[in-house]
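Chains as they are written, first to last, in our numbering: chain A, 6 to 208; chain B, 6 to 208.
Beta carbons are placed, not taken as given, at the ideal position from N, Cα and C, and that holds for glycine.
Computed from a prediction, not measured in an experiment: that's the story for all the values here.
Working notes, beginning with the structure itself.
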DNA sequence: GCGCCGGCATGACAAGTGTCACGCGCGAGT
DNA sequence: ACTCGCGCGTGACACTTGTCATGCCGGCGC
């Protein structure tokens, strides 16, 4: 029985090295290549044809999501696991549409990475359970386009009057939209509302 | 010759595990404990008295910078290495003021971490060279400790009254500090002030 | 001792913010 | 034609925020 061959793509070199060291500790896994951006990862995919690709999302040159789609199209034998900081349902959805078989968060225990690689290689899907629940349960974005537009500006520190001028509304209306957004998000003020919306990926 | 004992603090569990695996590959280093936030790290410091503390900056409970200061004050035998994503001169300055002996970026090669630990343990300083150059050119942090403390909370969306209760000051005083911070940063309000300070690495 | 400065506080005022009730016009559904 | 919802606006009110002048007190230099 030969080891599962893994390619890791991650833009922070030290994290890349650390993840490689982590997987190197598993006897049934072998890190056959590393890449610090999406383009390098594609080259490595072509050269090595690994069993599993583990990739970050936010990388220069090419994001992990487009990399996943490319990998799916050109090297269907390679299964893709997304490994990211961001628990955003929007990212998960796009990852699955791109053909990724796994979606794992960087704040999960280290042991889950190796396990996810094994399970994906067996043909299973591995989705972070909390995120999966959240993705289906959470009502997708209670904000209207106007509210988003205005709340975003408020989060940057602009005053109601400035926002009103920017979006061509009256100041009172801007305050109404903000009030509405604040109550929808259960916040105490515009700042907290912006924080919550950002965190949920609605801004 | 016994191994250098290292404590790692990092809020993303998988990265924490990966870094530990990375250092575990070095025969002269031993990871004696791990912590996923500043408070846990302090406990581990007291219990283990490691030779070197490697810590992230942005963590829940207590940031790596305050952790570094605490470590310096209470466990001076432990040398501190900051390991972070952020190449912000303000962070570097505060890290050094807090008594850190090393400041390393996560996008440096993985091998530098072990090397930095060794050098810091020998009493040397290890500062990311690019960042060190930039740090001298940039303007210094204008904020006092109080202003930072209060502005940070304001940036989270808390009201003056809430902040006053948290830091045991009167509400008027909190407003005075915020006003001072706003004018120092050339901002129009607390939100913009927090944004500017964050971007410069002063929060 | 004295003056001086920094941290903290108070009070007052103007401006900005959050909420609510209400009104207008417009397109869609019946 | 009538109502309904929706996007937008107004005005009023209470509250929060930003600013400033002023003052207290403890530590420091001299």
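Rounded distance between the beta-carbons of residue j and residue i, thought under 8 Å
i	j	result
residue 83 (chain A)	residue 57 (chain A)	7 Å
residue 182 (chain A)	residue 152 (chain A)	5 Å
residue 165 (chain A)	residue 176 (chain A)	5 Å
residue 100 (chain B)	residue 72 (chain B)	At roughly 11 Å, the Cβ-Cβ gap does not stay under 8 Å, so residue 100 (chain B) and residue 72 (chain B) are not in contact.
residue 191 (chain B)	residue 93 (chain B)	Actually they are not in contact, since the Cβ atoms of residue 191 (chain B) and residue 93 (chain B) sit about 18 Å apart, beyond 8 Å.
residue 212 (chain B)	residue 179 (chain B)	Beyond the ends of chain B as shown, which are 6 and 208, falls residue 212 (chain B); an answer cannot be given.
residue 138 (chain A)	residue 97 (chain A)	At roughly 11 Å, the Cβ-Cβ gap does not stay under 8 Å, so residue 138 (chain A) and residue 97 (chain A) are not in contact.
Residue range of the alpha helix (DSSP H) that includes residue i
i	result
residue 172 (chain A)	165–172
residue 50 (chain A)	43–53
residue 148 (chain A)	No alpha helix (DSSP H) contains residue 148 (chain A), which DSSP labels as neither H nor E.
residue 123 (chain A)	116–126
residue 81 (chain A)	Per DSSP, residue 81 (chain A) belongs to no alpha helix (DSSP H) and is neither H nor E.
residue 198 (chain A)	195–205
residue 102 (chain A)	94–102
residue 22 (chain B)	18–29
Closer than 7 Å: residue i CB and nearest the ligand MG heavy atom
i	result
residue 11 (chain B)	Ligands displayed in this structure: none; no statement on the ligand MG is therefore possible.
Beta-carbon gap between residue i and residue j smaller than 8 Å
i	j	result
residue 77 (chain A)	residue 104 (chain A)	yes
residue 146 (chain B)	residue 108 (chain B)	no
residue 86 (chain A)	residue 122 (chain A)	yes
residue 18 (chain B)	residue 20 (chain A)	no
residue 196 (chain B)	residue 196 (chain A)	yes
residue 68 (chain B)	residue 46 (chain B)	no
residue 64 (chain B)	residue 43 (chain B)	yes
residue 159 (chain B)	residue 199 (chain B)	yes
residue 53 (chain A)	residue 38 (chain A)	yes
residue 31 (chain B)	residue 119 (chain B)	yes
residue 130 (chain B)	residue 106 (chain B)	yes
Same chain only: Cβ atoms within 7 Å of residue i, ignoring 5 sequence neighbours per side
i	result
residue 50 (chain A)	12, 58, 76, 80 and 83
residue 111 (chain A)	88, 89 and 90
residue 115 (chain A)	27
residue 202 (chain B)	148, 156, 190 and 208
residue 29 (chain A)	36
residue 117 (chain B)	109
residue 102 (chain A)	none
Residues that residue i contacts on chain B, provided the C-beta gap is smaller than 9 Å
i	result
residue 161 (chain A)	196, 197 and 200
residue 4 (chain A)	Here chain A comprises residues numbered 6 to 208, so residue 4 (chain A) is not present and cannot be evaluated.
7 Å Cβ cut-off: residues of chain A touching residue i
i	result
residue 189 (chain B)	In chain order: nothing, as chain A lies at least about 15 Å away.
residue 24 (chain B)	23
residue 111 (chain B)	17, 19 and 20
residue 118 (chain B)	19
Cβ neighbours of residue i in the same chain (closer than 6 Å, five flanking residues each side left out)
i	result
residue 35 (chain A)	8 and 10
residue 14 (chain A)	40, 46 and 60
Residue i: contacting residues in chain A (beta-carbon distance under 8 Å)
i	result
residue 90 (chain B)	17
Interface residues of chain A facing residue i [CB-CB closer than 9 Å]
i	result
residue 134 (chain B)	None at all; the shortest Cβ gap to chain A is about 15 Å.
residue 115 (chain B)	18, 19, 20, 21, 22, 23, 25 and 26
Beta strand (DSSP E) segment containing residue i, residue limits
i	result
residue 89 (chain B)	84–89
residue 68 (chain B)	Premise fails: residue 68 (chain B) is in no beta strand (DSSP E) and is neither H nor E.
residue 35 (chain A)	34–40
residue 14 (chain A)	9–14
residue 107 (chain B)	107–110
residue 183 (chain A)	That residue, residue 183 (chain A), is in no beta strand (DSSP E); its alpha helix (DSSP H) goes 176–190.
residue 58 (chain A)	57–60
Contact set between residue i and chain B, taken where Cβ atoms lie within less than 8 Å
i	result
residue 34 (chain A)	Neighbours of residue 34 (chain A) on chain B: none; closest Cβ ~12 Å, over 8 Å.
residue 164 (chain A)	193 and 194
Cutoff 8 Å; reference residue i; Cβ partners in own chain excluding five residues on either side
i	result
residue 33 (chain B)	6, 8, 9 and 123
residue 16 (chain B)	41, 42, 61, 63, 64 and 65
residue 25 (chain A)	13, 36 and 39
residue 48 (chain B)	40
residue 113 (chain A)	133
residue 193 (chain B)	187
residue 136 (chain A)	92, 94, 97, 108 and 110
residue 163 (chain B)	171
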